[in-house]
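See structure below.
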Amino acid sequence: MAVIGSFNSRPEAELAAGMLEGNGIPATVMGDDAGGAAGVNLSAGGYRVAVPDDQRAEAEALLEPVEESRPTQTTPDRPGRPLALQVAAFLLLAIVVIAVLSSLLD
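All residue numbers for the sequence shown refer to my numbering, where the first residue is 1385 and numbers rise by one.
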């Protein structure tokens, strides 16, 4: 199997794999998201799409337009989350963890 693309989310990877399979190329989506329970990818490199080695060139040609139009995390004009939002999310998570732990210790 040859990895032909990396995607930031499972739906993006599944869409690419579906397009390949619709064109007769078997495709597999790989990424560690704890079977969907985590809600996010737990492995480095995002979600990867792999195809049989002998169909790599054809698959890459089919995905090329998708790769060019899809923004990536390294695009400079794509702003990240504001710092205030990140801090607020962290504080909310900390409050929830403290509440759960305190209820378990009672």
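Every residue gets a Cβ at the ideal spot worked out from N, C-alpha and C, and that includes glycine.
Classification of residue i by the beta-carbon crowding that lies within 10 angstroms, buried from 16 upward
| i | result |
| --- | --- |
| VAL1481 | exposed |
| VAL1471 | exposed |
Residues of its chain near residue i, where Cβ-Cβ distance is below 7 Å and the 5 sequence neighbours each way are ignored
| i | result |
| --- | --- |
| ASN1407 | LEU1446 |
| MET1403 | LEU1446 |
Distance, residue j Cα to residue i Cα
| i | j | result |
| --- | --- | --- |
| ALA1400 | VAL1484 | 40 Å |
| GLU1444 | ILE1388 | 6 Å |
| PRO1436 | SER1390 | 16 Å |
Beta-ladder partner(s) of residue i, from DSSP
| i | result |
| --- | --- |
| PHE1391 | TYR1431 |
| VAL1413 | VAL1433 |
| ALA1386 | VAL1435 |
Own chain, CB closer than 8 Å to residue i, minus 5 neighbours either side, in chain order
| i | result |
| --- | --- |
| MET1414 | VAL1387, TYR1431, ARG1432, VAL1433 and ALA1434 |
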